[in-house]
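Start counting at 1 in the sequence shown, then tack on 21, and there's your number in the working numbering. Ideal Cβ positions, reconstructed from N, Cα and C, are used throughout, including at glycine. Before any comments, here is the structure.
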Amino acid sequence: MKDGRPSVVDGSQVPCPWSKDCERLADVLDGEWISEFELVHDGDVDAQLLQHLRAHLPHCASCRETLKQARRTRELGRGMLREYLARAEQEVPSTVDNILQVVRAESRQQAKGAPIAQPPHLLPAKSAQPTVPDLPFPAPSRRRSFNKALALVAVAAVIILSFGLFSRLAWLRTGALQSTSNTSSATQTVDNGVVLPPAPAPNLSFSSDWSSAVALVAQSGKQQIAVFDPLSGKQRVITSTSCDNAQADAIAHSGKNMLYHCYDGQYTVYRLLTGQAYRLEGGRRSSDGEYNAVWSTDDRYLFAMTPRALMRIDVVHNKVEHLPYGISATRLLFYYQDNLYFSLVQGGSTQLKRIDLVSGAQQVVVQSTAERPQFWLRPDGQAIYYTSATAGQVGIYAVGIDGGSSYLFSQDQGLVGFDQDNTPMTIRNIQGQWQLVKIDVVTQQVKARIQDVAPGASAIPFENVLLSPYAHYLLTGGQYASNTQRYWLSDLTTGGAQEVFPWSQQANPSTVSSTWLGWSKMQP
Numbered sequence: 022m023k024d025g026r027p028s029v030v031d032g033s034q035v036p037c038p039w040s041k042d043c044e045r046l047a048d049v050l051d052g053e054w055i056s057e058f059e060l061v062h063d064g065d066v067d068a069q070l071l072q073h074l075r076a077h078l079p080h081c082a083s084c085r086e087t088l089k090q091a092r093r094t095r096e097l098g099r100g101m102l103r104e105y106l107a108r109a110e111q112e113v114p115s116t117v118d119n120i121l122q123v124v125r126a127e128s129r130q131q132a133k134g135a136p137i138a139q140p141p142h143l144l145p146a147k148s149a150q151p152t153v154p155d156l157p158f159p160a161p162s163r164r165r166s167f168n169k170a171l172a173l174v175a176v177a178a179v180i181i182l183s184f185g186l187f188s189r190l191a192w193l194r195t196g197a198l199q200s201t202s203n204t205s206s207a208t209q210t211v212d213n214g215v216v217l218p219p220a221p222a223p224n225l226s227f228s229s230d231w232s233s234a235v236a237l238v239a240q241s242g243k244q245q246i247a248v249f250d251p252l253s254g255k256q257r258v259i260t261s262t263s264c265d266n267a268q269a270d271a272i273a274h275s276g277k278n279m280l281y282h283c284y285d286g287q288y289t290v291y292r293l294l295t296g297q298a299y300r301l302e303g304g305r306r307s308s309d310g311e312y313n314a315v316w317s318t319d320d321r322y323l324f325a326m327t328p329r330a331l332m333r334i335d336v337v338h339n340k341v342e343h344l345p346y347g348i349s350a351t352r353l354l355f356y357y358q359d360n361l362y363f364s365l366v367q368g369g370s371t372q373l374k375r376i377d378l379v380s381g382a383q384q385v386v387v388q389s390t391a392e393r394p395q396f397w398l399r400p401d402g403q404a405i406y407y408t409s410a411t412a413g414q415v416g417i418y419a420v421g422i423d424g425g426s427s428y429l430f431s432q433d434q435g436l437v438g439f440d441q442d443n444t445p446m447t448i449r450n451i452q453g454q455w456q457l458v459k460i461d462v463v464t465q466q467v468k469a470r471i472q473d474v475a476p477g478a479s480a481i482p483f484e485n486v487l488l489s490p491y492a493h494y495l496l497t498g499g500q501y502a503s504n505t506q507r508y509w510l511s512d513l514t515t516g517g518a519q520e521v522f523p524w525s526q527q528a529n530p531s532t533v534s535s536t537w538l539g540w541s542k543m544q545p
């Protein structure tokens, strides 16, 4: 290369010349320090190097081992710091009890009009103490003693409030939830959050890869959740929804569970494929849509919104918690590192906001002027992409995870997902062919990944394009003459597309409508 750095194919050399760069940029590669987006935005020379390292690491055992050692060193340092803080916290004596004892003693003495005496354990170790007449200055007046008592009360109050605040923050961090009693019927929790009796879970098997697509299928007024494996052609209905107007929320990050909800005009009931069900107050059907819920990154929690509260559902322990924060939101979008991101429509624009679930602080991350904006969190958590029409330039914009300056990333209609290296991907019509392309986050250069994803299609709705996590497979529904639709599966490893036939077992496929939800590890 012109800059003197080794090329990607040099990763077989041992030791690798890039190992020092991997060690130096380990925190950036892991998103622990400054974000890659900030490097790009500031024109940092390491931004291009990061792109090469991400492509280089999968092919270089030496660099992977260097990065692994850097992570171990970092975790070791953090562990030692945590142990020191925990030990120091135990060794520092608490003065709360002593102060409260003094305050109570002074209050009792003031009420009796007697001199104020110190508790024995606060007196010096001398055997003889001077009496009041022996002192070279007048005895303190009741007014002075009263002021002293007020000062002690103020100090005690500050300390107690400080301990209370610390305990509150610790409680929020560790996720301590209010206990609910298990009964044979519904269990009532705070703010009308109810844990419903579990429903029978479907018999599911799972693969190690994201190889099946999930859809909400409607036929003859009945809604069902179906799984389709385009590789084998197998498909089956895994469960029926409990209502005829169910709305899908999201597939779990594990690929082995799914959340949907029903609204009956008064309550919203959230249901999981694993059988758990939770009834929360409120829900609305208007231009703003319904209340919805999102998964935490580890799939342990669900975050949902009601008209008066923000709720957290512990899926593991089957509990509902009322969080001490309120938000005004149109829709919850995603969760990342103790922050819940949501949209709020105000006037002719939409704000992307976030709330810190530890401190309760809220922040406007960015604002979109698109009519119905979409937001995508990059898998590494370092950038957010969104549609907007800022200054008349319609397209996809990029902004850092913490907000700040944004810029026009591309003039496409939307994104379909991300490549293995977290590069944004979209569908473009290039010389009459619909192609899956990736857009470099630094240079915005475009590279085709699949040349023809739906041969002969006149149009491809974005809602009919499903890119699997880690960009292994692409399922595309193209529109053809006479308003017909055909589906194609593309393998991004081998290239090319083959036609597949979801829901072909139906007696009359023209009466079946389906809404694609995403890829999963569930098998038909």
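Between residue 461 and residue 221, what straight-line distance do the alpha-carbon atoms span, to the nearest angstrom? Here residue 461 corresponds to residue number 440 of the sequence shown, with the count starting at 1. Here residue 221 corresponds to residue number 200 of the sequence shown, with the count starting at 1. The straight-line gap from Cα to Cα measures roughly 46 Å.
Cβ of residue 366 versus every heavy atom of the ligand HEM: is any distance shorter than 6 Å? Inclusion of the ligand HEM in the displayed structure is not the case, the ligand content being empty and no account of it being possible.
Helix, strand or coil: how does DSSP classify residue 338 here? Locating residue 338 in the sequence shown gives position 317, counting from the first residue. DSSP places residue 338 in coil when its eight states are reduced to three.
Taking all protein chains shown into account, do 16 or more other C-beta atoms lie within 10 angstroms of the C-beta of residue 332, making it buried, or fewer, making it exposed? As a first step, residue 332 is located in the sequence shown; it is residue number 311 there, counting from the start. Label assigned to residue 332: buried.
Let me see if you follow: with CB-CB separation under 7 Å, is residue 326 close to chain B or not? Considering every chain present, this structure includes no chain B. It has just one protein chain.
Residue 450 bridges to which residues according to DSSP? Translated into positions along the sequence shown, residue 450 becomes position 429. Here residue 450 is bridged, per DSSP, to 455.
Through-space distance from residue 345 to residue 182, alpha-carbon basis: Walking along the sequence shown from the start, residue 182 turns up at place 161. Walking along the sequence shown from the start, residue 345 turns up at place 324. Reliability of the predicted coordinates at residue 182 is poor, the pLDDT of 46 falling under 50, and the value obtained from them is presented with this limitation in mind. It is roughly 17 Å from the alpha-carbon of residue 182 to the alpha-carbon of residue 345.
If you count every other CB in all the chains shown that lies within 10 Å of the CB of residue 337, and 16 or more means buried, which is it? Residue mapping note: residue 337 aligns to position 316 of the sequence shown, counting from 1. Residue 337 should be labelled exposed.
Taking the beta carbon of residue 318 as the centre, do at least 16 other beta carbons fall within 10 Å, making it buried, or is it exposed? Residue numbering aside, residue 318 sits at position 297 when the sequence shown is read from its first letter. Burial state of residue 318 is exposed, judged by a 10 Å Cβ sphere holding fewer than 16 other Cβ atoms.
Residue 37: buried (16+ other C-beta within 10 angstroms of its C-beta) or exposed? For the purposes of this step, residue 37 is identified with residue 16 of the sequence shown, where counting begins at 1. Buried is the call here.
Could you pull the DSSP bridge partners for residue 360 from this structure? Looking up residue 360 in the sequence shown gives position 339. Bridge partners of residue 360: 357 and 377.
Classify residue 516 as helix, strand or coil using the three-state DSSP reduction. The sequence position of residue 516 within the sequence shown is 495, counting from 1. Here residue 516 sits in coil by DSSP.
Cα-Cα, which of 240, 273 and 233 is closest to residue 256? For the purposes of this step, residue 256 is identified with residue 235 of the sequence shown, where counting begins at 1. Comparing Cα positions, the closest option is 233.
Are residue 537 and residue 271 touching if we call contact CB-CB under 7 Å? Position 516 of the sequence shown, counting from 1, holds the residue named residue 537. Position 250 of the sequence shown, counting from 1, holds the residue named residue 271. It is not a contact, given that the beta carbons lie outside the stated cut-off.
Rounded to the nearest angstrom, what separates residue 477 and residue 368 at their Cα positions? As a working note, residue 477 is residue 456 in the sequence shown. As a working note, residue 368 is residue 347 in the sequence shown. Between residue 477 and residue 368, the C-alpha separation is close to 41 Å.
To the nearest angstrom, how far is it from the Cα of residue 545 to the Cα of residue 524? On the sequence shown, residue 545 is found 524 positions in, with the first residue counted as 1. On the sequence shown, residue 524 is found 503 positions in, with the first residue counted as 1. Their Cα atoms are separated by approximately 12 Å.
Are the beta-carbon atoms of residue 433 and residue 417 separated by less than 7 Å? In the sequence shown, residue 433 corresponds to position 412, counting from 1. In the sequence shown, residue 417 corresponds to position 396, counting from 1. Yes, Cβ-Cβ distance for residue 433 and residue 417 is below 7 Å.
Do you know offhand how far residue 468's Cα is from residue 480's? Residue mapping note: residue 468 aligns to position 447 of the sequence shown, counting from 1. Residue mapping note: residue 480 aligns to position 459 of the sequence shown, counting from 1. In this structure, the straight-line span from the alpha carbon of residue 468 to that of residue 480 is close to 21 Å.
Are the CB atoms of residue 513 and residue 449 within a distance shorter than 7 Å? As a position in the sequence shown, residue 449 is number 428, starting the count at 1. As a position in the sequence shown, residue 513 is number 492, starting the count at 1. Not a contact, by the Cβ cut-off of 7 Å.
Selection from 475, 452 and 438 that minimises the alpha carbon distance to residue 459: Within the sequence shown, the letter at position 438 stands for residue 459. That would be 438, whose Cα lies nearest to the Cα of residue 459.
Confirm, please, whether the CB-CB distance from residue 363 to residue 378 is below 7 Å. In the sequence shown, counting from the first residue as 1, residue 378 sits at position 357. In the sequence shown, counting from the first residue as 1, residue 363 sits at position 342. Cβ atoms of residue 378 and residue 363: not closer than 7 Å.
How long is the line joining the alpha carbons of residue 87 and residue 99, rounded to whole angstroms? By one-based count along the sequence shown, residue 87 stands at place 66. By one-based count along the sequence shown, residue 99 stands at place 78. One C-alpha to the other measures close to 19 Å.
Quickly, what does DSSP pair residue 471 with across the bridge? List them, please. Residue 471 sits at position 450 when you count from the first residue of the sequence shown. Residue pairing for residue 471: DSSP places it in a beta bridge opposite 457.
Within this structure, are the beta carbons of residue 277 and residue 355 separated by less than 7 Å? As a working note, residue 277 is residue 256 in the sequence shown. As a working note, residue 355 is residue 334 in the sequence shown. Against a cut-off of 7 Å, the Cβ pair of residue 355 and residue 277 comes out as no contact.
Residue from 454, 391 and 252 with nearest C-alpha to residue 489: Within the sequence shown, the letter at position 468 stands for residue 489. Residue 252 is the option with its Cα nearest to residue 489.
Using a 10 Å radius around the Cβ and a threshold of 16 neighbouring Cβ atoms, would you call residue 505 buried or exposed? As a working note, residue 505 is residue 484 in the sequence shown. By the neighbour-count criterion, in which 16 or more other beta carbons inside 10 Å mark a residue as buried, residue 505 falls on the exposed side.
Own chain partners of residue 231 with C-beta closer than 8 Å, once the 5 adjacent residues on each side are dropped: Residue 231 sits at position 210 when you count from the first residue of the sequence shown. Cβ-Cβ distances below 8 Å link residue 231 to 276, 489, 490, 491, 493, 494, 540, 541 and 542 in the same chain, with the five nearest sequence neighbours on each side left out; the list follows chain order.
Should residue 244 go down as buried or exposed, given a rule of 16 or more other Cβ atoms within 10 Å for buried? For the purposes of this step, residue 244 is taken as the residue at position 223 of the sequence shown. So residue 244 ends up on the buried side.
Measure the alpha-carbon distance for residue 296 versus residue 451 and round it to whole angstroms. Mapped onto the sequence shown, residue 296 falls at position 275. Mapped onto the sequence shown, residue 451 falls at position 430. CA-CA distance, residue 296 to residue 451, rounds to 46 Å.
Under a Cβ-count criterion, where at least 16 other Cβ atoms within 10 Å of its own Cβ denotes burial, should residue 403 be classed as buried or exposed? The sequence position of residue 403 within the sequence shown is 382, counting from 1. Buried, because 16 or more other Cβ atoms sit within 10 Å of the Cβ of residue 403.
Buried or exposed: residue 79, going by 16 or more other Cβ atoms within 10 Å of its Cβ? In the sequence shown, residue 79 corresponds to position 58, counting from 1. Exposed.
Name the residue from 457, 426, 431 and 107 whose alpha carbon lies nearest to the alpha carbon of residue 440. Numbered from 1 along the sequence shown, position 419 holds the residue referred to as residue 440. Closest by alpha carbon: 457.
Using three-state DSSP, classify residue 87 as helix, strand or coil. On the sequence shown, position 66 is the one that residue 87 refers to. If DSSP states are grouped into helix, strand and coil, residue 87 belongs with the helices.
Grab me the residues of residue 498's own chain with a C-beta within less than 6 Å of its C-beta, minus the 5 sequence neighbours each way, in chain order. Reading the sequence shown from its first residue, position 477 is the one you call residue 498. Cβ neighbours of residue 498 beyond the five flanking positions: 485, 506 and 508.
Anticipated Cβ contact below 8 Å, residue 436 with residue 414, distance rounded: Against the sequence shown, residue 436 aligns to sequence position 415. Against the sequence shown, residue 414 aligns to sequence position 393. With a Cβ gap of about 17 Å, residue 436 and residue 414 do not count as contacting.
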